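9 is the number of the first residue of the sequence shown in our numbering; add one for each residue after it.
Backbone N, C-alpha and C fix where the C-beta goes; we use that ideal spot for every residue, glycine too.
As the structure is a prediction and not an experimental result, all values here were calculated from the model.
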Amino acid sequence: MFRFKQFELDDCHCGMKLGTDSVALGAWAEIQPSARTALDVGAGSGVLALMLAQRAPQLLAVGLEYDAGAACDCRRNFAASPWAGRLAVVEGNFQDYCPDVPVDLIISNPPYFAGGPEAPSEERALARHEGSLNYFSLVEFAALRLSDEGSLAMILPAEKYDDALYRAELARLKLRRLAWLLPSEGKRPIRVMMQFMRRDGHCHQETIAVRRGAALTSAFASLTRDFYL
């Protein structure tokens, strides 16, 4: 059980356990004041949806999860949270999900690995390796499901940046926010957080280092202060 300031998280049946990537994205993604609906795609334990629900009291969030065990954890975490009435889980392939109205925010920490050795368990292999859920299927999904003022936020390995940007441009989604995530000060970025919208405009860019030595940097501590104990 992982304890945040306002909720607890059980990920015992999830192939990929809670990590810094999801926490960074959940704290960093911009939520428009007008946003009313959100989708956490590949929800796992539901941490992204829970973070959005904490940050935006007007938001209704749905976690889309393919794996039955992870979906079970997600439901339990949602039900135990202070925002149970604004959270729901849909189990199945996210590409089959058709919301009643266009969505204001789609957020995801998708699987990163297109090849290489499989993980020892089926659940972990599904969570780690790209299948139907990957950054280009997310872009295609967002192009179909986002509202006019909606956005897509995701975190990817830094080396995927150029291809993700290219695929988003093909789908007529414009990069509006960008953050390079460094594991520690002075290191090369290993992750990139990207947020796209339908309309073009200024792109806010920043670089965030997670650690300075053994401690969190002031920038990352400030970003996550509403969540980490």
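Go ahead and label residue i buried or exposed: buried means 16 or more other beta carbons lie within 10 angstroms of its beta carbon, across all protein chains shown.
i: Asp156; result: exposed
i: Arg180; result: exposed
i: Ala64; result: buried
i: Pro110; result: exposed
i: Cys106; result: exposed
i: Lys168; result: buried
i: Ser42; result: exposed
i: Tyr74; result: buried
i: Gly209; result: exposed
i: Ala79; result: buried
i: Leu237; result: exposed
i: Leu178; result: exposed
What's the gap between the Cα of residue i and the Cα of residue j?
i: Asp170; j: Leu152; result: 22 Å
i: Arg11; j: Phe235; result: 9 Å
i: Thr215; j: Ala150; result: 25 Å
i: Gly71; j: Leu146; result: 14 Å
i: Ala76; j: Asp18; result: 15 Å
i: Ala222; j: Ser192; result: 9 Å
i: Pro119; j: Ser230; result: 27 Å
i: Ala57; j: Ala92; result: 11 Å
i: Leu60; j: Asp104; result: 23 Å
i: Ile226; j: Arg219; result: Residue identity differs from the one stated: residue 226 is Ser in this sequence, not Ile. Ser226 and Arg219: Cα-Cα distance of roughly 9 Å.
i: Ser140; j: Ser116; result: 13 Å
i: Phe86; j: Asn101; result: 20 Å
i: Ala217; j: Gly194; result: 8 Å
i: Val98; j: Ala187; result: 30 Å
i: Phe144; j: Ala176; result: 8 Å
i: Leu134; j: Asp81; result: Residue placement at Leu134 is poorly supported in this model, since its pLDDT is 46, which falls under 50; the coordinates still yield a value, given next. Taking the straight line joining both Cα atoms gives about 16 Å.
i: Glu8; j: Gln66; result: Because residue 8 is not part of the residues shown, which for the chain are 9 to 237, the question remains open.
i: Arg196; j: Met9; result: 32 Å
i: Arg132; j: Thr28; result: Its pLDDT being 46, under 50, Arg132 is placed unreliably in this model, and the value from its coordinates should be taken loosely. When rounded, the distance between both Cα atoms is 17 Å.
i: Leu68; j: Lys13; result: 20 Å
i: Arg44; j: Val31; result: 21 Å
i: Arg185; j: Glu38; result: 8 Å
Looking at the structure shown, is residue i part of a helix, part of a strand, or coil, going by DSSP?
i: Gln103; result: helix
i: Ala229; result: helix
i: Met4; result: In the structure as shown, the chain begins at 9 and stops at 237. Residue 4 is therefore absent and cannot be evaluated.
i: Asp156; result: strand
i: Met162; result: strand
i: Gly93; result: helix
i: Leu47; result: strand
i: Gly124; result: Model confidence at Gly124 stands at a pLDDT of 43, short of 50, so the residue's coordinates are unreliable and nothing is read from them.
i: Phe235; result: coil
i: Asp29; result: helix
i: Glu214; result: strand
i: Ala69; result: strand
i: Leu56; result: helix
i: Ser145; result: helix
Throw me the rounded Cβ distance for the residue i and residue j pair, which I believe falls under 8 Å.
i: Ala46; j: Leu113; result: 4 Å
i: Leu183; j: Arg199; result: No, Leu183 and Arg199 are not in contact; Cβ-Cβ is about 16 Å, not under 8 Å.
Taking 7 Å as the line, does the beta carbon of residue i fall inside it for any heavy atom of the ligand SAM?
i: Met9; result: Questions concerning the ligand SAM fall outside what the structure shown contains, since it holds no ligand whatsoever.
Q.
I want to know whether the stretch 197 to 205 touches the stretch 158 to 172 - three or more CB-CB distances under 8 Å.
A. yes
Q. Below 8 Å, can you find three or more Cβ-Cβ pairs linking the stretch 52 to 61 to the stretch 18 to 26?
A. yes
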